[in-house]
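Chains as they are written, first to last, in my numbering: chain A, 1 to 287; chain B, 1001 to 1284. Have a look at the structure below, then the notes.
Written as structure tokens, this is what we have:
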């Protein structure tokens, strides 16, 4: 066997697993889902090509409102996560040194290795009518009857921001860590104040981290199911819950597939726009 | 805003307090979950009823301890089996992918790399439903054309494994490829010039070098599979993995038994997480 054929064979053997994986579990399923979303049941076991499912989405206010609401709340949650995480990441990356620094960074990571279910359960124990906060408020005299803090949008927000924190803190700390202190000092030497240094030096330097953090957080929030459903209850109106209802409860796969595609389109569009605006590529951001 | 630049004391104090508050926010939900696992009461809420181990070890209803609840133990086992399969598949494919992307050049390599990253961008619920739709299409076609009724192509543990593998493989690939990138190929060449065949060289030199990354990828894959909810929810069959069983109980109304279970999960994932951090750290 010559070297040429043996490397050919090697390449083929290395290509086989990834092609099977990506074609059988990613490309074909999505293509099939797309086909299912483009058909309509006209009689038992008889389907016709139609755009009825997409038409239903746009004509039924519940559906498109849920969609818009999910998108807007995801953007808001992403912005809030960034605002809360940035000062903390900066503190860990630039203000601390040595052991305390690595300990606090690790402390940021560890909670997120715990299942999202457990984290959400924690918030339920804290916020429900018989929960810890409600009891504390009554005890200090801020309230005279049990307070229900679950099942509203603010609570969904708290849960979403909490769940997303890791994916913002890690990229931010990593990029801020690589910022040379001398650059910040130079900014001050040239007459900058805290605000101008932040705007002209720190934020531009942290941009790659901000972008990849925001993209990941947005995607995870948009596709989240547990947090909105458990913390928001029946009225959470999250789009993934709508997909679940169509697929599992109503058994209307055609409509569910159309919804899935719309969510995928929105998610891809925002990721793409985010990358375009900041001139980055998916490969740099993820890999 | 770095230590070498003087800042007003009040600012430093406020900034420090903010960071402290952040960490309280971070640990608070997990702390209450852990504390109420020991509450001597039927509900995981105040008032505090005293300390008890019942929610772990008691063997009678209504206070069935976690270790005597056979349904719960079964779902832990289901999750464990699924996670093992997903780990083996993901690490294997991740390793071959790492060699493919780091060592080979072929047409459309960048396209394939982008495609490989896509599972991270697709929401888990959608990965789940697309696999559900596609496997049903195959199952229906087999049934109509050949009269074959393959149950594993309907929602089942098999589909859960495939669904989780479909995105965890990407993560395993990234972890392993990152380490392979740092490998000095001269070492492999040295082994070959000393008479080893190419495969022997890879097996005895490169793979041992990759070991920390492979172990790290295995731990991460196992945890991600064990804790996965979104993709699993769409594909689950009659055997409920732990997250699905827990979700069901959480909606029915919870007893401190659920806290005990959560605590066990925290202990296990915390340990595994620290292990993976230390395994990965060794490479520096």
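Beta carbons are placed, not taken as given, at the ideal position from N, Cα and C, and that holds for glycine.
Those residues which DSSP pairs with residue i across a bridge
i, result
"residue 47(A)", "41(A)"
"residue 1039(B)", "1051(B)"
Chain-order list of residues whose beta-carbon lies under 6 Å from that of residue i (same chain, five-residue window excluded)
i, result
"residue 1103(B)", "none"
"residue 2(A)", "Any reading at residue 2(A) is ruled out, since the residue's pLDDT is 44, under 50, leaving its predicted position unreliable."
"residue 178(A)", "none"
"residue 1226(B)", "1079, 1083"
"residue 1129(B)", "1234"
"residue 146(A)", "129, 134"
"residue 1217(B)", "1091, 1094, 1172, 1175, 1176"
"residue 1181(B)", "1102"
"residue 1148(B)", "1142"
"residue 1166(B)", "1119, 1127"
"residue 1199(B)", "none"
Close-in-space but distant-in-sequence residues of the same chain around residue i (CB under 8 Å, 5 per side omitted)
i, result
"residue 1244(B)", "1075, 1229, 1232, 1233, 1236"
"residue 1284(B)", "Since pLDDT at residue 1284(B) reaches only 44, below the 50 mark, its modelled position is unreliable, and the value read off the structure follows with that caveat. Closer than 8 Å at the Cβ level, and outside the excluded window around residue 1284(B), lies no residue."
"residue 1204(B)", "1191, 1196"
"residue 1109(B)", "1101"
"residue 152(A)", "232"
"residue 1081(B)", "1157"
Sequence-distant residues of the same chain with beta carbon closer than 7 Å to residue i, five excluded per side
i, result
"residue 164(A)", "77, 81, 217, 220, 221"
"residue 1215(B)", "1279"
"residue 1049(B)", "1039, 1040, 1041"
"residue 168(A)", "81, 82, 85, 213, 217"
"residue 1150(B)", "1139, 1142"
"residue 236(A)", "156, 228, 229"
"residue 1183(B)", "1206, 1209"
"residue 1112(B)", "none"
"residue 92(A)", "101, 104, 105, 173"
"residue 201(A)", "183, 184, 187"
"residue 1059(B)", "1065, 1068"
"residue 39(A)", "47, 48, 49, 50, 254"
Any 3 or more C-beta pairs closer than 8 Å across the region 225-235 of chain A and the region 1095-1106 of chain B: no
Completely contained alpha helix (DSSP H) runs for the region 67-143 of chain A, where each covers 4 or more residues: 98-109, 116-127, 132-140
Any 3 or more C-beta pairs closer than 8 Å across the region 40-60 of chain A and the region 131-150 of chain A: no
The region 1113-1122 of chain B / the region 20-36 of chain A touching (three or more Cβ pairs under 8 Å): Touching, yes.
Uninterrupted alpha helix (DSSP H) stretches inside the region 1165-1230 of chain B (no shorter than 4 residues): 1185-1193, 1198-1201, 1207-1227
Contacting positions in the region 62-80 of chain A - beta carbon closer than 7 Å to chain B: Cβ contacts with chain B come from no residue of the region 62-80 of chain A.
Interfacial residues, the region 1241-1254 of chain B to chain A, with Cβ spacing under 9 Å: 1242, 1243, 1246, 1247, 1250, 1251, 1254
Under 7 Å (Cβ pairs) to chain B, residues found in the region 15-49 of chain A: Residues 15, 17, 18, 21, 22, 25, 26, 28, 29, 30, 32, 33, 36.
Contacting positions in the region 1263-1280 of chain B - beta carbon closer than 8 Å to chain C: Considering every chain present, this structure includes no chain C. Its protein chains are A and B.
Contiguous beta strand (DSSP E) assignments of at least 3 residues, all confined to the region 177-210 of chain A: none
Three CB pairs or more closer than 8 Å across the region 1256-1272 of chain B and the region 1051-1060 of chain B: yes
Contact between the region 250-264 of chain A and the region 47-54 of chain A (3+ Cβ pairs under 8 Å): yes
Residues in the region 119-144 of chain A having any Cβ partner in chain B nearer than 7 Å: 119, 121, 122, 123, 125, 126, 130, 131, 132, 135: these are the residues of the region 119-144 of chain A whose beta carbon lies less than 7 Å from some beta carbon of chain B, given in chain order.
Contact between the region 83-102 of chain A and the region 239-247 of chain A (3+ Cβ pairs under 8 Å): no
Selection of the region 1140-1153 of chain B by Cβ proximity to chain A, strictly under 9 Å: Listed by position along the chain: nothing, the set is empty.
Residues of the region 201-227 of chain A with Cβ closer than 9 Å to any Cβ of chain B, in chain order: So the close ones are 202, 215, 216, 219, 220, 222, 223, 224, 225, 226.
Validate contact between the region 184-195 of chain A and the region 104-123 of chain A using beta carbons, cut 8 Å, 3 pairs: no
Stretch pair the region 120-127 of chain A + the region 1022-1029 of chain B: three plus CB contacts closer than 8 Å: yes
Under 7 Å (Cβ pairs) to chain A, residues found in the region 1183-1206 of chain B: none
Chain-ordered residues of the region 1218-1229 of chain B with a beta carbon less than 7 Å from chain A: Hits within the stretch, in order: 1223, 1227, 1229.
Where the region 243-258 of chain A meets chain B: residues whose CB sits under 8 Å from a CB there: 243, 244, 247, 248, 253, 256, 257
Against chain A: residues of the region 1062-1076 of chain B by CB proximity under 9 Å: none
Proximal residues, the region 160-171 of chain A versus chain B, C-beta separation under 8 Å: 162, 165
Chain-ordered residues of the region 1093-1104 of chain B with a beta carbon less than 7 Å from chain A: Hits within the stretch, in order: 1093, 1096, 1097, 1099, 1100, 1104.
Contacting positions in the region 230-241 of chain A - beta carbon closer than 7 Å to chain B: 230, 240
Within the region 213-275 of chain A, ranges of the alpha helix (DSSP H) (whole runs, at least 4 residues): Listed in chain order, the complete alpha helix (DSSP H) runs (minimum 4 residues) inside the region 213-275 of chain A are 226-232, 239-244.
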